[in-house]
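S.K.: Sharing a structure, written as C-alpha cells. Questions coming.
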Amino acid sequence: MPMIELNGVEIAYQDTGPHGAQAILLAHSLFFDHRMFEHQVERFSEHYRVIAYDQRSHGFTSNPKNAEYGMDALTEDAAELIKSLELGPVHMVGNSMGGFVALRLGARYPELVRSVTTVGSSADKEHNTEQYRPLVQALKDHGTGAVMDQLMYTMFGDTTLAAESQATLRSTWRSRMGALPHEIGAAAEAVVERQSVVDELHLIKAPVLAIAGEEDHAYSIDLSEQIAEGVQNGQCIVIKAAGHSASLEAPEPVNTALQAHFKRAEAADR
Numbered sequence: 543m544p545m546i547e548l549n550g551v552e553i554a555y556q557d558t559g560p561h562g563a564q565a566i567l568l569a570h571s572l573f574f575d576h577r578m579f580e581h582q583v584e585r586f587s588e589h590y591r592v593i594a595y596d597q598r599s600h601g602f603t604s605n606p607k608n609a610e611y612g613m614d615a616l617t618e619d620a621a622e623l624i625k626s627l628e629l630g631p632v633h634m635v636g637n638s639m640g641g642f643v644a645l646r647l648g649a650r651y652p653e654l655v656r657s658v659t660t661v662g663s664s665a666d667k668e669h670n671t672e673q674y675r676p677l678v679q680a681l682k683d684h685g686t687g688a689v690m691d692q693l694m695y696t697m698f699g700d701t702t703l704a705a706e707s708q709a710t711l712r713s714t715w716r717s718r719m720g721a722l723p724h725e726i727g728a729a730a731e732a733v734v735e736r737q738s739v740v741d742e743l744h745l746i747k748a749p750v751l752a753i754a755g756e757e758d759h760a761y762s763i764d765l766s767e768q769i770a771e772g773v774q775n776g777q778c779i780v781i782k783a784a785g786h787s788a789s790l791e792a793p794e795p796v797n798t799a800l801q802a803h804f805k806r807a808e809a810a811d812r
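In my numbering, the protein residues as written are 543 to 812.
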C-alpha cells in the first residue's frame, strides 16, 4: 500500500479509481482497517477516486510516536490526507470511529467535504463509558484475544453473528482483530473518552447521511437520528439485518444509500 507521513505518523492508504474523478474518503471503525470498505471500493471505484486509509495503529498505519489517539488528532490526519493528495472536497464516509472523524471534519473543515456520511456512529459523548472502561483496561493489559467474544458482539449484529452465510466474514475479522497490537487499548480509550460534538453539528454545511444498523449493539438508532436532526441538511436511514458494521454486513443497501446521497450532494453543487 502507498504510505504518506502526516502529523508524524506513517499513514497507509488504498487509492483506487480515476485520479481526475470526484473523491470518496473512507474512514474505518475502531478494531478494523481499510478493508472494512472493500464492498464500497468495488462499487464506486469505476467512476470515483476512492481512498480508504488505515487510522493510527490499525492495519498498516504506524503507532503515533506521541501516543495520541484522540478524535481531534484523527480528524487532523484526515484533513491533511485530503490536502496532501489534493482530493477535496470529498464525499467523507466514516463507520463508527470513522464517523466521529467525519463529523468533526465536516464541522471544522467545510471546504474539504462535499458530503458527510456516518455509519453506526454518534455525535455525542460515549453513553456507555462505565461499561466500556473495563474492556479498555483488558485491551491494554492483554490485547484483543481475551475479549474477542465481546468485540464480535459489539461490532456485529445478531444476523451476522448467527447466519451461516456470514461465517467467512466472522472468521476473517476475528482473525484480523486478534492480530491488533496492544496499542489498540489506547485507541479504544480515546474512543470511549471522546468529547461530544453535538454543539458543532450546525457548522456542517454539506449534506449529511446518518446510517444506522437495526441490530447495532453499540449505538442506538436514536444517535443517528440526533446527527440528522442536528445538521442543516440531514437524513437518517436504518439498514435491516445489520449491526454496528453495516458497511460490511449489508453492503448492497448501504451502497444504494450512498449512491443516492452522493448524487444529491453533487446536484446541489451545480
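The C-beta atom is built at its ideal place from N, Cα and C for all residues, glycine as well. Source: prediction; values computed, not measured.
1. Look at the alpha carbon of alanine 704 and the alpha carbon of methionine 697, and state the distance between them as a whole number of angstroms.
2. Tell me the residue span of the beta strand (DSSP E) that contains leucine 681.
3. Alpha carbon to alpha carbon, what distance is there between glutamate 618 and glutamate 767?
4. Is it true that the CB of leucine 743 sits closer than 8 Å to the CB of valine 773?
5. For glycine 727, tell me which candidate among Ser571, Glu610, Leu681 and Gln564 has the shortest Cα-Cα distance.
6. State the DSSP-derived secondary structure class of serine 587, mapped to helix, strand or coil.
7. From proline 606 to valine 655, what distance separates their C-alpha atoms?
8. Can you tell which of Ala802, Ala810, Tyr761 and Gln777 has the C-alpha that lies nearest to the C-alpha of alanine 788?
9. Would you say histidine 724 reaches chain D, if we count a Cβ-Cβ gap shorter than 8 Å as a contact?
10. Out of Ser604, Ala620, Ala615 and Tyr674, state which residue places its alpha-carbon closest to the alpha-carbon of valine 689.
11. Could you tell me the alpha carbon to alpha carbon distance between serine 738 and glutamate 668, rounded to whole angstroms?
12. Roughly how many whole angstroms lie between the Cα atoms of glycine 601 and aspartate 811?
13. Hey, is the region 613-630 in contact with the region 640-659, meaning 3+ C-beta pairs nearer than 8 Å?
14. Could you please give me the residues that DSSP links to alanine 609 through a beta bridge?
15. Apart from the five residues on each side of it in sequence, which residues of its chain come closer than 6 Å, Cβ to Cβ, to leucine 745?
16. Within a Cβ cutoff of 7 Å, which residues of the same chain sit near alanine 621, ignoring the five residues on either side of it in sequence?
17. Check whether the region 554-570 touches the region 581-589, counting contact only when three or more Cβ pairs, one atom from each stretch, lie closer than 8 Å.
18. Count the other CB atoms within 10 Å of the CB of alanine 752; is the residue buried (16 or more) or exposed (fewer)?
19. Looking at C-alpha atoms only, which residue of Ser638, His570, His581 and Val592 is the closest neighbour of arginine 598?
20. Count the other C-beta atoms from every protein chain shown that fall within 10 angstroms of the C-beta of methionine 719, then say buried if there are 16 or more, exposed otherwise.
21. Taking all protein chains shown into account, do 16 or more other C-beta atoms lie within 10 angstroms of the C-beta of asparagine 637, making it buried, or fewer, making it exposed?
22. So if DSSP puts aspartate 614 in a beta bridge, which residue, or which two residues, is it bridged to?
23. Tell me, which residues are paired with threonine 660 by DSSP?
24. Distance, Cα to Cα, leucine 722 vs arginine 716?
25. Hey, which unbroken runs of the beta strand (DSSP E) at 3 residues or more fall wholly within the region 551-597?
26. How many angstroms separate the CA atom of serine 707 from the CA atom of glutamate 791?
27. With H, G and I counted as helix, E and B as strand and the rest as coil, what does DSSP make of glutamate 547?
M.R.: So, to answer that:
1. Roughly 13 Å separates the two Cα atoms.
2. Leucine 681: not part of any beta strand (DSSP E); member of the alpha helix (DSSP H) spanning 671-684, first to last residue.
3. The C-alpha of glutamate 767 lies about 26 Å from the C-alpha of glutamate 618.
4. Yes, the Cβ-Cβ distance between valine 773 and leucine 743 is below 8 Å.
5. Glycine 727 has its Cα closest to that of Leu681, out of Ser571, Glu610, Leu681 and Gln564.
6. Reduced to three states, the DSSP call for serine 587 is coil.
7. Those two C-alpha atoms are separated by around 25 Å.
8. Residue Tyr761 holds the alpha-carbon nearest to the alpha-carbon of alanine 788 among Ala802, Ala810, Tyr761 and Gln777.
9. Reference to chain D is not applicable here, since this structure consists of a single protein chain.
10. It is Tyr674 whose Cα lies nearest to the Cα of valine 689.
11. Answer to the nearest angstrom: the Cα atoms are 8 Å apart.
12. If you take the alpha carbons of glycine 601 and aspartate 811, they lie about 34 Å apart.
13. Here the region 613-630 lies against the region 640-659, with 3 or more beta-carbon pairs under 8 Å apart.
14. Paired residue(s): none; alanine 609 is not in a bridge.
15. Only Ala649 meet the Cβ criterion.
16. Contacts found: Leu647, Tyr651 and Leu654.
17. Contact holds: three or more Cβ-Cβ distances are below 8 Å.
18. Buried is the label assigned to alanine 752, since at least 16 other Cβ atoms lie within 10 Å of its Cβ.
19. Looking only at Ser638, His570, His581 and Val592, the smallest Cα-Cα distance to arginine 598 is reached by His570.
20. It is buried - the Cβ of methionine 719 has at least 16 other Cβ atoms within 10 Å.
21. Per the 10 Å Cβ criterion, buried.
22. Per DSSP, none; premise fails for aspartate 614.
23. In the DSSP assignment, threonine 660 is bridged to Gly636 and Ala752.
24. Pairing leucine 722 with arginine 716, the inter-Cα distance amounts to about 10 Å.
25. Runs found: 551-558, 565-569 and 591-595.
26. One Cα belongs to serine 707, the other to glutamate 791, and the distance between them is close to 11 Å.
27. Correct three-state label for glutamate 547: strand.
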